[in-house]
Amino acid sequence: MYFKRILVTLDGTKIAEKTLPVAELMAKDSETELLLVSICDPKPKITDERQKYLDAKSAELREKGIKASGKMFCGELLPLILKCITDNSIDLLCMASHGYTGIKKMVLGSVSEKLIKSTKLPVLLVKEGYEPDKALFENILLPLDGSLFSETCLKQVSILAHDFKSKLTLLVVIQPPCIPSDRSPNIQPSWDEYYQALLEELKQQAQSYLERLTGELQSNGIKTEFRMEISDNIPETILSTAEDINASLISFTTHNRSGIEKWYYGSVAAGLIENSPHPMLLWRNSI
Numbered sequence: 011m012y013f014k015r016i017l018v019t020l021d022g023t024k025i026a027e028k029t030l031p032v033a034e035l036m037a038k039d040s041e042t043e044l045l046l047v048s049i050c051d052p053k054p055k056i057t058d059e060r061q062k063y064l065d066a067k068s069a070e071l072r073e074k075g076i077k078a079s080g081k082m083f084c085g086e087l088l089p090l091i092l093k094c095i096t097d098n099s100i101d102l103l104c105m106a107s108h109g110y111t112g113i114k115k116m117v118l119g120s121v122s123e124k125l126i127k128s129t130k131l132p133v134l135l136v137k138e139g140y141e142p143d144k145a146l147f148e149n150i151l152l153p154l155d156g157s158l159f160s161e162t163c164l165k166q167v168s169i170l171a172h173d174f175k176s177k178l179t180l181l182v183v184i185q186p187p188c189i190p191s192d193r194s195p196n197i198q199p200s201w202d203e204y205y206q207a208l209l210e211e212l213k214q215q216a217q218s219y220l221e222r223l224t225g226e227l228q229s230n231g232i233k234t235e236f237r238m239e240i241s242d243n244i245p246e247t248i249l250s251t252a253e254d255i256n257a258s259l260i261s262f263t264t265h266n267r268s269g270i271e272k273w274y275y276g277s278v279a280a281g282l283i284e285n286s287p288h289p290m291l292l293w294r295n296s297i
């Protein structure tokens with residue numbers, strides 16, 4: 011199994027607890043260890059109750075043969091989570107995307123953005139409406155754009171697909187080509203002909219790219235197929251494709267870029283995180 015130490019954030023809510031069945035699946039390897047972490051206000055009654063809660067959840071996991079322990083901290087959320095990640099050699103962060111206090115702030119607010127930017131760890135987000143089951147890794151959707159950047163998580167996702175005997179669907183969303191506004195309508199070929207020629211070239215490039223990757227993955231024993239769509243709205247198309255193929259997980263690469271690349275990649279990721287009903291596995295890359 012790729013992950014050896016998984017940090018699971020809990021705040022005592024049922025929503026946050028939806029991460030636990032997911033973490034259990036990830037910890038099917040006997041060498042994987044789960045660390046349940048909660049950040050709360052430094053009030054004696056609250057801290058005592060929260061530690062008892064973490065101890066109880068850890069005990070339930072250990073009864074299932076899973077290595078697990080719980081730690082409770084008081085203070086500012088972001089620095090404490092980052093310190094816990096470093097101190098415990100964590101290699102995956104698992105958290106719910108909605109909660110009442112800490113988790114809600116972490117995922118939906120500025121703390122979430124800072125956390126993803128501040129750690130190189132992959133992050134598994136479980137959405138509020140998600141109903142846990144054993145099919146989390148049954149059908150993985152991996153959006154790509156043909157760049158090395160988007161491919162940086164391909165190796166890790168293929169390991170997961172191999173370990174869980176998943177079906178992996180590769181997706182490329184082609185954005186329609188833009189005709190320069192200063193191009194005279196009298197120039198030959200016509201605007202429509204030029205547009206179609208550019209679009210056909212993009213489709214051929216995407217087809218070759220997807221066929222190559224699919225062939226490589228299939229040769230390694232991974233059940234793989236691909237989809238190619240044309241759309242200006244990349245997040246919406248990714249989500250509609252996820253519905254079409256009944257995806258159980260969406261995985262993609264995030265970034266720490268700036269300028270136009272930050273706007274482009276950041277808007278796609280933000281659109282998915284905000285609107286996807288599916289669990290998402292985000293991989294950080296600093297290319």
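So the sequence shown is numbered by this note's numbering: it starts at 11 and just counts up by one.
Beta carbons: idealized from backbone N, C-alpha and C, even for Gly.
CA-to-CA, the gap between Leu-259 and Phe-236 works out to about 15 Å. Residue pairing from DSSP places Arg-237 in a beta bridge opposite Leu-181.
Looking at the backbone, the Cα of Lys-28 and that of Pro-142 are separated by about 6 Å. When DSSP assignments are scanned along the segment 241-266, the uninterrupted stretches of beta strand (DSSP E) that are 3 or more residues long and fall wholly within it turn out to be 259-263. DSSP places Gly-80 inside the beta strand (DSSP E), whose first and last residues are 77-84. Boundaries for Cys-50: no alpha helix (DSSP H) harbours it, while the beta strand (DSSP E) harbouring it runs 43-50, taken from the DSSP string.
With a cutoff of 7 Å on beta-carbon distance, Thr-263 and Cys-188 are scored as not near each other. Proximity of the segment 147-158 to the segment 169-179 meets the contact definition, three or more beta-carbon pairs being nearer than 8 Å.
Within its own chain, the residues whose Cβ lies closer than 6 Å to the Cβ of Gly-156, once the five positions on either side in sequence are excluded, are Tyr-219, listed in chain order. Fewer than three beta-carbon pairs drawn from the segment 128-140 and the segment 42-49 are found closer than 8 Å, and the two stretches are therefore not classed as touching. One alpha carbon belongs to Leu-90, the other to Cys-50, and they sit about 11 Å apart. Beta bridge pairing from DSSP links Ile-16 with Leu-44, Leu-102. In summary, Thr-96 is exposed, with fewer than 16 beta-carbon neighbours lying within 10 Å of its beta-carbon over all protein chains present. Secondary structure at Ile-197: coil, using DSSP grouped into helix, strand and coil. By the beta-carbon neighbour count (other beta carbons within 10 angstroms, threshold 16), Lys-67 is buried. Pro-153 sits in a strand when the DSSP states are folded into three classes. Bounds of the alpha helix (DSSP H) holding Leu-170 are 164-173. Look at the beta carbons and you see the segment 98-109 touching the segment 11-25: at least three pairs across the two are nearer than 8 Å. Collapsing the DSSP output to three states places Leu-135 in a strand. Out of Ala-257, Ser-277, Leu-102, the CA that lies nearest to the CA of His-288 is found in Ala-257.
Non-local beta-carbon contacts of Lys-137 in its own chain, meaning distances under 6 Å to residues more than five positions away in sequence, involve Ser-107, Pro-287 in chain order. When the alpha-carbon of Ala-171 is set against those of Glu-284, Glu-34, Leu-227, the nearest one is in Leu-227.
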